[in-house]
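Below is one structure, written out as structure tokens, with a few remarks after it.
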Amino acid sequence: MTIPKSHPRYESLRRREQLVRAWKGRLVVPEGLIAHGRGEAWDYLLGEETPAPALVAERAAAAFLVRARRPVISVNGNVAALATKEVIRLATAIPATIEVNLFHRTERRVARILARLRKAGGKDVIGLRPDARIPGLPSRRALTHRKGVFGADVVLVPLEDGDRTEALVRMDKAVVSVDLNPLSRTSQRATVPVVDELTRALPNIRRFVRDLQGNRSEADRLARTYDRDANLRALYTFLDWRIQGLARARGTGRRRKTRTR
Ligand code: PTJ
Numbered sequence: 006m007t008i009p010k011s012h013p014r015y016e017s018l019r020r021r022e023q024l025v026r027a028w029k030g031r032l033v034v035p036e037g038l039i040a041h042g043r044g045e046a047w048d049y050l051l052g053e054e055t056p057a058p059a060l061v062a063e064r065a066a067a068a069f070l071v072r073a074r075r076p077v078i079s080v081n082g083n084v085a086a087l088a089t090k091e092v093i094r095l096a097t098a099i100p101a102t103i104e105v106n107l108f109h110r111t112e113r114r115v116a117r118i119l120a121r122l123r124k125a126g127g128k129d130v131i132g133l134r135p136d137a138r139i140p141g142l143p144s145r146r147a148l149t150h151r152k153g154v155f156g157a158d159v160v161l162v163p164l165e166d167g168d169r170t171e172a173l174v175r176m177d178k179a180v181v182s183v184d185l186n187p188l189s190r191t192s193q194r195a196t197v198p199v200v201d202e203l204t205r206a207l208p209n210i211r212r213f214v215r216d217l218q219g220n221r222s223e224a225d226r227l228a229r230t231y232d233r234d235a236n237l238r239a240l241y242t243f244l245d246w247r248i249q250g251l252a253r254a255r256g257t258g259r260r261r262k263t264r265t266r
């Protein structure tokens, strides 16, 4: 299906098409389509734009990644479907290792996602033949690499399940999450929870990485002073303001700002 660029929901529909295509190509699992719908619902509430608190978290995320000794970006099926190029651009900018790590793991799907990342220019990309296990994780998500997530000091985990975030934090790693759901266990447990849509968050983080690479003292300051609880509180306040605004607009018969189909 060709979606006209003039369609008011062009970006959202394009993302859906990308996911469906990746599902047909067996990169994405059906559960990934459900997870995407959940993310979309939150994005509606957030106004389909990066909220200011998310921008603050994205800058802090960049600071952690710039200062890291062994930064790793974890990629699953949905992330590969939606943001292969952006993951590679970010990994190149940091620079970071990319590890394919799947919740619904099959070696074939890992191989397919690896091939997609390499074809798009990914160099330091691993995932097959894992040589370590994340302690305390019963799922196949635990299978990992010493050179990747297992040995990392900072791990970027987009569209993650809460179990692994918790396990990685227990391992004393700094975990940067990207998850539109501010109530998910991932957002609640990550060191730097970025509550934003993946394809908006990754380019923002990359821009901040570029800025901070030229200003290490600012990166140090940000990593030292970043307050995740205050940032999440600001996000909840933003959500509250959005919903109150929608309620007021309805009460007065004014048009809602939320874009609808
Ligand atoms: O490819 P696999 O096997 O590793 O499986 C990937 C999924 C996504 C199915 C797996 O990690 C999973 O089940 O994730 P969850 O527990 O559903 O969590 C995904 C989270 O990502 C949810 O909280 C969604 O709100 C959020 N989300 C979905 N799409 C986006 C998103 N957040 C940001 N940007 C999105 N585009």
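Under my numbering, the sequence shown has 63 at position 58, and the numbering climbs by one with no breaks.
No residue lacks a Cβ here, since even glycine has one placed at the ideal position from N, Cα and C.
From a predicted model like this one, the values you see are computed outputs, not experimental measurements.
Residue i - partner residues in DSSP beta bridges
i: S79; result: E104
i: V84; result: BP columns for V84 are empty, so no partner.
i: R138; result: L148
i: I131; result: E104
Residue i - containing beta strand (DSSP E), residue span
i: S182; result: A179 to V183
i: V199; result: V197 to V199
i: V273; result: Residue 273 cannot be examined here, being either before or after the span of the chain that is shown, 6 to 266.
Distance cut-off 8 Å: residue i Cβ against heavy atoms of ligand 1
i: L60; result: no
i: V181; result: no
i: F108; result: yes
i: I93; result: no
i: E54; result: no
i: A68; result: no
i: I39; result: yes
i: A206; result: yes
i: N220; result: no
i: H163; result: Per the sequence shown, residue 163 should be read as Pro rather than His. True, at least one ligand heavy atom lies under 8 Å from that Cβ.
i: A240; result: For the record, residue 240 in the displayed sequence is Leu; it is not Ala. Answer for L240: no, Cβ out of range of ligand 1.
i: L18; result: no
i: R146; result: yes
i: E171; result: no
i: D166; result: yes
i: N81; result: yes
i: V33; result: yes
i: G153; result: no
i: N209; result: no
i: R194; result: no
i: G44; result: yes
i: W28; result: no
i: E22; result: no
i: E63; result: no
i: T191; result: yes
i: L87; result: yes
i: E223; result: no
i: L185; result: yes
i: E36; result: yes
i: R117; result: no
i: R114; result: yes
i: D201; result: yes
i: W47; result: yes
Start-to-end residues for the alpha helix (DSSP H) that takes in residue i
i: R221; result: R221 to T230
i: P58; result: A57 to R72
i: L32; result: Looking at the DSSP string, L32 is not in any alpha helix (DSSP H), and its letter there is neither H nor E.
i: E171; result: G167 to R175
i: F213; result: L203 to Q218
i: A116; result: E112 to K124
i: S189; result: Unbroken run through S189: none, as it is neither H nor E.
Exercise. If you pair each beta-carbon of the segment 142 to 151 with each one of the segment 105 to 116, do three or more pairs fall below 8 Å?
Worked result: yes
For this session: Answer yes if the segment 73 to 92 comes into contact with the segment 154 to 173, meaning at least three C-beta pairs across the two stretches below 8 Å, and no otherwise.
Result: yes
Problem set entry | the segment 83 to 102 touching the segment 25 to 44, judged by at least three CB pairs closer than 8 Å | yes
Exercise. Per the contact definition of three or more C-beta pairs closer than 8 Å, is the segment 111 to 127 in contact with the segment 39 to 53?
Worked result: no
For this session: Specify whether the segment 200 to 208 and the segment 51 to 70 touch according to this definition: at least 3 beta carbon pairs, one from each stretch, less than 8 Å apart.
Result: yes
Problem set entry | the segment 206 to 225 in contact with the segment 67 to 77 per 3-pair CB rule at 8 Å | Here the segment 206 to 225 makes contact with the segment 67 to 77; the two share three or more CB pairs at distances below 8 Å.
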